[in-house]
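A.B. asks: So for the sequence shown, the working numbering puts the first residue at 148; every next one is plus one.
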Amino acid sequence: MRIGLALDDRRNEKRVALRPEELMDIARRCQVFVERDAGLGAGITDDEYRQAGAHPATKAMVYSCPLVVKLREPNETELKLMRPGATMFSMMHLHNRLNLARLLWGMRINAIAMEKVKDHLGERMIEDLHEVGYAGMMKAFELWGRSPAKATVKIMGHGKIAIGAIQAASRAQARVILFNKREMNEPHYLVAGIYHTALWGWPAMDPFHISKRYSLQLAPLVKALADNGLEKAPVCIQNAVIRLDAGERVL
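Written out as structure tokens, the structure reads:
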């Protein structure tokens with residue numbers, strides 16, 4: 148199988164889905180094409196990918212592969228470079244991207260939603276929530292411009308994002324107060340008729356460590372796809388495949 152690792156080039160985006168360290172084993176089994184400069188934001192050069200056995204390539208070459216891997220949701224320009232029947236493995240978040248669902252259907256692109264890949268306990272297998280909470284809290288201290296030890300940090304919820312923020316604040320010797328001590332990993336809640344939305348730190352604030360985390364999580368799944376194909380992929384991947392009917396509804 149030919150696999151393409153695409154550049155995530157949205158504004159301020161610096162992460163990359165796979166690092167050379169994890170890509171090396173995949174490159175022994177498959178031809179891997181890495182879009183030029185895909186890893187620069189995380190401090191990874193094209194030469195490092197080349198030494199891992201991958202081939203730096205143009206955007207067109209990468210998106211012509213049967214399997215394309217990236218972190219951010221694909222846009223129309225990127226999907227137009229893919230061939231019908233090819234597979235895009237990335238975040239999708241179709242609940243607020245209805246046009247993306249229509250594009251996938253119209254272009255006959257198979258899609259695996261990273262956010263839907265879950266283990267047998269229902270936990271996400273591809274996520275950076277802890278790191279996002281940690282980085283977001285550290286950025287807040289930076290913007291505040293004073294000693295964190297003088298701060299009182301109030302945190303609502305006790306999910307993975309909150310835990311990262313709690314650890315960052317505690318290590319900085321801030322006073323931490325917790326409200327509503329329950330899991331709050333979903334970004335939106337309706338409680339007693341009041342709409343709540345969560346706000347978290349931008350992942351690109353720490354592209355090196357977050358890229359490492361994603362790469363370690365993704366590599367075994369990409370290997371499984373390379374070895375077995377989409378139809379015989381592990382159940383966790385099968386359950387994350389976005390299937391659309393003729394009415395463009397997500398099934």
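Glycine included, every Cβ here is placed at the ideal spot set by N, Cα and C.
1. Which residue marks the beginning of the beta strand (DSSP E) containing Gly304, and which one marks its end?
2. Just to confirm, are Ile357 and Val323 a CB contact at a threshold of 8 Å?
3. Could you check how far apart the C-beta atoms of Leu226 and Met148 are, in whole angstroms? I think they sit under 8 Å.
4. Mapping the DSSP letters down to three states, classify Thr224 as helix, strand or coil.
5. Taking 8 Å as the cut-off, decide whether the C-beta atoms of Leu154 and Glu182 are in contact.
6. Quick one: give me the first and last residue of the alpha helix (DSSP H) that Met208 is part of.
7. Going by C-alpha to C-alpha distance, which of Ala282, Arg197, Ile273 and Pro295 sits closest to Asp172?
8. Quick one: grab the DSSP three-state call for Lys265.
9. Just checking my contact of Ala319 with Phe355 at CB under 8 Å: how many whole Å lie between their CB atoms?
10. Let me check understanding here. Comparing Cα to Cα, which of Lys370, Gly376 and Asp194 lies closest to Ala174?
11. Quick one: is Leu363 buried, meaning 16 or more other Cβ sit within 10 Å of its Cβ, or exposed?
12. For Arg176, which of helix, strand or coil comes out of DSSP?
13. Per DSSP, which one or two residues make a beta bridge with Pro203?
14. CA-CA distance, Ala393 and Lys379?
C.D. replies: Considering the structure as presented:
1. As a working mapping, residue 304 is identified with position 157 in the sequence shown. Premise fails: Gly304 is in no beta strand (DSSP E) and is neither H nor E.
2. Numbered from its first residue, the sequence shown carries residue 357 at position 210. Numbered from its first residue, the sequence shown carries residue 323 at position 176. Ile357 is not a Cβ neighbour of Val323, given a cutoff of 8 Å.
3. Locating residue 226 in the sequence shown gives position 79, where the first residue counts as 1. Locating residue 148 in the sequence shown gives position 1, where the first residue counts as 1. No, Leu226 and Met148 are not in contact; Cβ-Cβ is about 19 Å, not under 8 Å.
4. Start at 1 with the first residue of the sequence shown, and residue 224 comes out as number 77. Looking at Thr224 - three-state DSSP - the assignment turns out to be helix.
5. Position 7 of the sequence shown, counted from the start, is the residue given in the question as residue 154. Position 35 of the sequence shown, counted from the start, is the residue given in the question as residue 182. Yes, these two residues count as a Cβ contact at 8 Å.
6. Numbered from its first residue, the sequence shown carries residue 208 at position 61. Unbroken alpha helix (DSSP H) run through Met208: Lys206 to Tyr210.
7. Along the sequence shown, one-based indexing puts residue 172 at 25. Comparing Cα-Cα distances from Asp172 to each of Ala282, Arg197, Ile273 and Pro295, the minimum goes to Arg197.
8. Within the sequence shown, numbered from 1, the residue matching residue 265 stands at position 118. Here Lys265 carries a strand assignment [DSSP, helix/strand/coil].
9. Along the sequence shown, one-based indexing puts residue 319 at 172. Along the sequence shown, one-based indexing puts residue 355 at 208. The C-beta distance from Ala319 to Phe355 rounds to 20 Å, too long to fall under 8 Å, and the pair is not in contact.
10. On the sequence shown, position 27 is the one that residue 174 refers to. Nearest option by C-alpha distance: Lys370.
11. As a first step, residue 363 is located in the sequence shown; it is residue number 216 there, counting from the start. By the 10 Å Cβ count, Leu363 comes out exposed.
12. Within the sequence shown, the letter at position 29 stands for residue 176. Arg176 falls in the helix class under three-state DSSP.
13. Start at 1 with the first residue of the sequence shown, and residue 203 comes out as number 56. Answer is Val181.
14. Sequence index remark: in the sequence shown, residue 393 carries index 246 (1-based). Sequence index remark: in the sequence shown, residue 379 carries index 232 (1-based). Note that Ala393 scores 45 on pLDDT, short of 50, meaning its location in the model is unreliable and no value can be drawn from it.
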